[in-house]
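K.L.:
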Amino acid sequence: MAGLATRLRITPFGLICLVGLVASLYLSLIWAPRERVMGDVQRIMYFHVASAWIAEFAFVLVGVSSVIYLWLRERRWDIVAYSAAEVGFVFCCFVMITGPIWGKPVWGTWWTWDPRLTFSMILWLIYVAYLMLRVYGDDLPQVKTFLAVLGILGTIDIPFIHFATMWWRGLHPDSLVMTEEGLGAGMEVDMRIALAVSAVVFTLLFFYLMQRRMALERLRDEAEDLRERVEHRHPGSVGV
Amino acid sequence: MDQNFWYLFSAYTLIWVGLFLYLFTIAGREKKLAEEIAELKAAVEELESKEEGRA
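Quick note, the sequences are listed as chains D and V, same order. When the count follows numbering that gives the first Met the number 0, it moves up by one through the first sequence with no breaks and lands on 239 for the last residue. When the count follows numbering that gives the first Met the number 0, it moves up by one through the second sequence with no breaks and lands on 54 for the last residue.
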């Protein structure tokens with residue numbers, strides 16, 4: 000375990016997240032009661048909903064930091080946007096994978112063009128394009144402006160996902176977390192606790208991954224700066 | 000065994016595998032960049048000392 004932590008360069012904060020994840024796994028799979036209608040497969044909800052919360056939070060952060068970047072043109076906001084987009088995309092992938100796995104035994108199908116699922120797919124595709132442009136696009140101000148606009152466009156899609164079950168009829172159930180009766184009123188108390196712990200742990204994990212991802216971007220800037228210094232003194236010595 | 004168990008098992012396994020794969024890619028990129036920075040720093044120092052020698 001210690002060897003793995005060293006290999007993955009996990010910090011003490013990362014270890015806290017890992018312990019939290021194990022505790023959350025215990026609460027979700029063993030401690031929380033079995034749902035009467037769906038059975039054990041409903042336990043997917045604890046990680047599926049927590050992942051969805053983090054993906055939405057991350058993409059809102061991309062939108063906000065992209066607006067600030069367009070306004071101030073400071074590299075640090077571009078770093079926040081890029082890091083949040085990548086980490087949010089990982090959690091969005093978790094949502095897109097666990098959703099169909101939950102849907103198959105409950106709805107009898109892996110996928111349906113339900114409004115919430117369709118808007119989630121659109122969001123996922125927006126961020127596939129965003130990250131592809133980050134990786135393959137040139138490091139030009141115009142590209143960064145386009146990326147910021149794309150990031151904001153992704154954020155605009157989020158209310159459509161969030162309120163889709165209220166605005167349109169579909170197969171996806173209404174939110175069990177945010178109900179008119181209060182937070183988590185549609186669930187048993189133990190289920191609410193397990194979900195709350197998952198959400199808190201995933202939030203901590205998000206900040207941990209953001210910290211790592213932003214540090215990586217700063218390392219990339221440092222390398223770029225050094226490359227320019229070498230190139231300036233000895234043109235042609237550093238490969239593009 | 001309940002067939003639904005496999006859906007549950009797959010969902011949780013994929014999340015854990017995905018998470019660790021992502022951590023491995025971050026650690027790999029960090030290591031590669033740290034090595035590159037060390038090489039570039041050495042190159043900058045070498046070029047600077049050559050320039051000083053010429054001056």
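Cβ atoms here follow ideal geometry from the backbone N, Cα and C, with glycine treated the same way.
1) Do Ala57(D) and Gly87(D) have their CB atoms nearer than 9 Å?
2) Measuring CA to CA, which of Trp112(D), Trp70(D), Phe159(D), Pro158(D) is closest to Val148(D)?
3) Work out the CA separation of Leu139(D) and Pro234(D) for me, nearest whole Å.
4) Is the CB-CB distance between Val94(D) and Met37(D) below 9 Å?
5) Taking C-beta to C-beta, are Tyr45(D) and Ser197(D) nearer than 9 Å?
6) At the 9 Å Cβ level, is Lys103(D) part of the contact set with chain B, yes or no?
7) Does the beta carbon of Cys91(D) come closer than 9 Å to any beta carbon on chain V?
8) Is the stretch 186 to 206 of chain D in contact with the stretch 16 to 32 of chain D, if contact means three or more CB pairs nearer than 8 Å?
9) Does Glu51(V) come within less than 9 Å of chain D when only Cβ atoms are used?
10) Check whether the Cβ atoms of Ile160(D) and Phe201(D) lie closer than 9 Å to each other.
11) Between Glu227(D), Leu146(D), Val199(D), which has its C-alpha nearest Ile53(D)'s C-alpha?
12) Since Leu218(D) contacts Leu32(V) with CB under 8 Å, what's their CB separation in whole angstroms?
13) Return the CA-CA distance between Glu162(D) and Val89(D), expressed in angstroms with no decimal places.
14) What first and last residue would you give for the alpha helix (DSSP H) that runs through Gly52(V)?
15) Is it the case that the Cβ atoms of Arg212(D) and Tyr81(D) are separated by a distance below 9 Å?
16) Assign Val239(D) to one of two classes, buried (16 or more other C-beta atoms within 10 Å of its C-beta) or exposed (fewer than that).
17) Quick one, are the C-beta atoms of Ile157(D) and Leu122(D) less than 9 Å apart?
18) Under 7 Å between beta-carbons, which chain D residues line up against Ser9(V)? List them in chain order, please.
19) Give the range of the alpha helix (DSSP H) segment to which Asp77(D) is assigned.
20) If you run the structure through DSSP and keep just helix, strand and coil, what is Glu187(D)?
21) What residue does the alpha helix (DSSP H) around Pro234(D) start on, and which one ends it?
22) What whole-angstrom Cβ distance do Arg133(D) and Gly169(D) have, given they're in contact under 8 Å?
23) For a contact meaning CB atoms closer than 8 Å, what does Ile43(V) contact in chain D?
24) Reducing DSSP to helix, strand and coil, say where Gly19(D) ends up.
P.N.:
The short version:
1) Result yes, Cβ atoms of Ala57(D) and Gly87(D) sit closer than 9 Å.
2) Shortest Cα-Cα distance from Val148(D) to any of Trp112(D), Trp70(D), Phe159(D), Pro158(D) involves Trp70(D).
3) Rounded to whole angstroms, Pro234(D) to Leu139(D) spans 21 Å at the Cα level.
4) No; because the gap between Cβ atoms is not below 9 Å, this pair is not in contact.
5) A contact, by the Cβ cut-off of 9 Å.
6) No chain B is present in this structure, whose protein chains are D and V.
7) Taking 9 Å as the threshold, the shortest C-beta distance from Cys91(D) to chain V does not fall below it.
8) Counting Cβ pairs under 8 Å, three or more are found: they touch.
9) By this cut-off, Glu51(V) is not an interface position.
10) Contact annotation: Ile160(D) and Phe201(D) have beta-carbon atoms that are not nearer than 9 Å.
11) Minimum Cα distance to Ile53(D) is reached at Val199(D).
12) Approximately 4 Å separates the beta-carbon atoms of Leu218(D) and Leu32(V); this is inside 8 Å, confirming the contact.
13) Going by the sequence as given, residue 162(D) is Phe instead of Glu. Phe162(D) and Val89(D) have their C-alpha atoms some 22 Å from each other.
14) DSSP places Gly52(V) inside the alpha helix (DSSP H), whose first and last residues are 2 to 53.
15) The answer is yes: Cβ separation under 9 Å.
16) Unreliable placement is indicated for Val239(D), whose pLDDT of 47 sits below 50; the coordinate value is still reported in the next sentence. That one is exposed.
17) Judged by beta-carbon spacing, Leu122(D) lies within the 9 Å limit of Ile157(D), meaning their Cβ atoms are closer than that value.
18) Within chain D, the residues near Ser9(V) are Ile100.
19) Residues 74 to 106.
20) In the three-state reduction of the DSSP assignment, Glu187(D) falls in the coil class.
21) Counting along the chain, Pro234(D) falls outside any alpha helix (DSSP H), and DSSP gives it neither H nor E.
22) Contact between Arg133(D) and Gly169(D) does not hold, since their C-beta atoms are separated by about 32 Å, which reaches or exceeds 8 Å.
23) Here residue 43(V) turns out to be Val, not Ile, going by the sequence shown. Under the 8 Å cutoff, chain D gives Leu225, Arg228, Val229, Arg232.
24) Look at Gly19(D) here: in three-state DSSP terms it is helix.
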